[in-house]
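The structure under discussion appears below in the form of structure tokens.
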Amino acid sequence: MAHVVLKELVKAYGSFKAVNDVSLTVNDGEFVALVGPSGCGKTTTLNLVAGLIPITSGDIVIGDRVVNDLDPKDRDIAMVFQNYALYPQKSVYKNLAFPLQMRKLPRDEIDKKVKEAARVLDMTHLLERKPRELSGGQQQRVALGRALVRDPAVFLMDEPLSNLDAKLRVQMRSEIKRFHQDLKATIIYVTHDQLEAVTMADKMAVMNGGYLQQYDSPAQVFAHPVNMFVASFIGSPAMSLIPLQASTANGNAVLTSAEGWSFELSPRNAQKVARATTRKVVLGARHSTIKLRNSAAPGAIPAKAYTVEPTGDVTFVQAFLSGAIINVSVPPNIAVAPDEQIWLEFDQERMHLFDGETEMALKAN
Amino acid sequence: MSTTAETVPQGLGRRRMRVDGWRWTGRIFLAFMLLYTAVPMIWMLITSIKSGFAAMQFPPQWWPDEPTLASYEKLLDPQNSVGQDFLRFFWNSLFVSTVTTILSVIVAVPAAYAFSRFSFPGRNFLFFAVLLRNMFPAVIFLVPLFILMRLLGLMNTHGSLILTYLTFGLPLAIWLLKGFYDNIPVQLEQAARIDGATRFQAFILIVMPLSTPGIIATAIYSFIGAWNEYIYAYTFLTKNDQLTLPVGIQRFFSENTTDFPGLMAASFMMSVPVVVLFLVLQRYFVRALTEGAVKH
């Protein structure tokens, strides 16, 4: 196993930069998820690490080697593709043996390793089959097996679960996590599904528009998003973001909405707002930090319920407030009907504040 | 309500009848096409086993009274002058066609792969330039190529024919193969390269086996094109010992005007290699060879 370092990595297609100045370090044995919406550059980054496309500038270090100009075969990596990319003319056994044959291992050793991998992944009975005779989940397992049979320095995974059905996806998710724990493998995992990233990864790198937005543990990213993009991308349902105007009333900092409602800020939040470049401030609140009331209360803001989605253990209520969609979760025993008048209360301790111009999170100090 | 309830089944019934009608029209059409293609072949075969006299009879003998293999014996007898000529023509055709086929596969495979996988300046222009040749009838190039071959000193050589057939066969071969390579997911090569193969090994070990049906289709196409070509062979070759079969049979025809059985036997023998080629190679035409490679 080895660590991976990306230094000011750039991939440009003409004037378009698909990956823009990305720097991050993946420590030995760490599971890092590259996450972001379609076209954010996460798969391009992975392909750069794999050596499948040439880099424009920057450095890629795997272990202690700069691998910028090395062929994929010389980088000591294994990759699981989104569409599995199994060799259709070869049996499962030969698919698993191929990377070992290419490295000219003796035949009996190949046989031992292939059988060991097949045993670990519980597919010994499938070894003689061709990929087309396997189910989607089995194909996925073979793809995983072909990666782990060789004991590479780094595992690269490009949305390996996105072609599986929901149930299998959850099952394979925990299997890959288990596999990481057992092997202490260095894994770089690309996904557009923030839930996969949050549940599996030690660290997640949130990307957007070719830029690395934030690189931290899922808990940190969730609790302290650096900007509005990360705040809205991580967490489901998405964080509610409400554009407001900062002002002062009777010596206290106040946030006012276009609709006229306002609330007074705590001293700590007032400190944050004071650092904003303009008067425009965006309030961010996760669904679980907003309190929903059926009757008016001091500090609670009137709104109208729009949709009500019971999921069993929690009910999600969507409401409109100052042109923004507000997601609130309530216990299932609280009855809310669509179009009903509700009151929302924001938790000053757990709310996020963003600069309305730069979209960056506002910090107290 | 009641009107719809009544009209719906009626409409369905009428539609079913119309579908049946089309199906039968299709079958009759196919049967007619089968007759259209098979009858001349059968007649060729029947005539080839008649005696010279029986072949000229009218009304014709639908089945020869005295079937004979004399024409075939004559053609395949190296002692006989007709047989010598025929076997030489046959060998010439086989040589020209085989070399054309091998060369066109050797050139078309990498060319098609490059067109399919790499983006390089002038790629589209080159690709359509390759196809441009096929927009003109072959005869247009007869005189220019004749002059060119004379300049190159290739007149009366098989090389002139091989070169000509390549210029005609390659564009379509490249085009055909590019389609095959386009359908092979690029991730397979990427996986192979990560698994330790060089780009060339990935091509040889993974892509080539998957494009076998395409390569075989291309080879058959090139072979048949070269095997049947007449006008260029007729123009470029004048020496009797160099002629290919289509031209050779033509001579055979004019020198032995009345020998229809001989002509038909020669024609039949000429079609044998093509049929054999198809029979031997058809098992490689496995449909959906890449099935199971990637999940869509």
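Those protein sequence lines, which keep their order, are chains A and B.
Residue numbers for the first sequence follow the numbering used here, beginning at 2 and rising by one.
Residue numbers for the second sequence follow the numbering used here, beginning at 49 and rising by one.
Yeah, the Cβ is synthetic: ideal placement off N, Cα and C, and Gly gets one too.
Bear in mind the structure is a predicted one, so any value in this text is a computation, not a measurement.
Taken in chain order, the members of the stretch 76-107 of chain A whose beta-carbon sits within less than 7 Å of a beta-carbon on chain B are Ile78, Ala79, Met80, Phe82, Asn84, Tyr85, Ala86, Leu87, Tyr88, Pro89, Gln90, Phe99, Pro100, Met103, Arg104. If you draw a straight line from the Cα of Phe347 of chain A to the Cα of Gln195 of chain A, it comes to about 25 Å.
Cβ proximity to chain A below 7 Å picks out Pro233, Gln235, Leu236, Gln238, Ala239, Arg241, Ile242, Asp243, Gly244, Ala245, Thr246 from the stretch 219-251 of chain B. For Pro73 of chain A, the C-beta contacts it makes with chain B under 8 Å involve Gln238, Arg241, Ile242, in order along the chain. Listed by position along chain B, the residues whose Cβ is nearer than 7 Å to that of Ala51 of chain A are Ile242. Judged by beta-carbon spacing, Val20 of chain A lies within the 8 Å limit of Leu49 of chain A, meaning their Cβ atoms are closer than that value.
Ranked by how close their Cα comes to the Cα of Leu284 of chain A, the residues A:Gly137, A:Tyr307, A:Leu245, A:Ala98 have A:Leu245 in first place.
Beta bridge pairing from DSSP links Phe347 of chain A with A:Ile291. Residues of the same chain with a CB within less than 8 Å of the CB of Asn128 of chain B, apart from the 5 flanking positions on each side, are Lys122 in chain order. Residue contact check for Ile263 of chain B against chain A: no CB pair falls below 8 Å. Interface with chain A (8 Å Cβ-Cβ cutoff): Ile272 of chain B is excluded. Nearest C-alpha to Gly15 of chain A among A:Pro332, A:Ser233, A:Phe32, A:Thr57: A:Thr57. Runs of the beta strand (DSSP E) spanning 3 or more residues and lying entirely within the stretch 24-66 of chain A occur at 32-36, 58-63, in chain order. Here Asp217 of chain A carries a strand assignment [DSSP, helix/strand/coil]. Remark: C-beta atoms of Ile268 of chain B and Phe175 of chain B do not approach each other more closely than 8 Å. Residue B:Tyr278 holds the alpha-carbon nearest to the alpha-carbon of Leu190 of chain B among B:Pro169, B:Ala221, B:Tyr278.
Ala3 of chain A and Met173 of chain A have their C-alpha atoms spaced approximately 24 Å apart. The shortest C-alpha to C-alpha distance from Gly252 of chain A to any of A:Ala118, A:Ala271, A:Ala259 is the one to A:Ala271. Under a criterion of Cβ atoms nearer than 7 Å, the residues of chain A adjacent to Ile254 of chain B are, in order, Tyr88. Distance from the CA atom of Phe138 of chain B to the CA atom of Met318 of chain B, rounded to whole angstroms, is 8 Å. Here the alpha carbon of Ile188 of chain A sits roughly 44 Å from the alpha carbon of Leu256 of chain A. Counting along the chain, the unbroken alpha helix (DSSP H) around Pro261 of chain B starts and ends at 260-276. Listed by position along chain A, the residues whose Cβ is nearer than 7 Å to that of Pro309 of chain B form an empty set, because the closest Cβ is around 49 Å away. By the Cβ-count criterion, Gln132 of chain B is exposed, with fewer than 16 other Cβ atoms from all chains shown falling within 10 Å of its own Cβ. For Gly236 of chain A, same chain residues with a beta-carbon under 7 Å away, outside a window of 5 residues either side, are Phe223, Arg287 in chain order.
With fewer than 16 other beta carbons inside 10 angstroms of its own, Phe166 of chain B counts as exposed.
Taking the C-beta atoms as reference points, Ala206 of chain A is found no nearer than 8 Å to Ala247 of chain A. Interface residue (Cβ-Cβ distance to chain A less than 8 Å): Leu123 of chain B is not classified as such. For Tyr85 of chain A, no alpha helix (DSSP H) encloses it, and the DSSP letter there is neither H nor E. Residue ranges of uninterrupted beta strand (DSSP E) with 3 or more members are absent from the stretch 103-133 of chain A; none lies entirely inside it. Not flagged as an interface residue toward chain A: Leu329 of chain B, since no C-beta distance is shorter than 8 Å.
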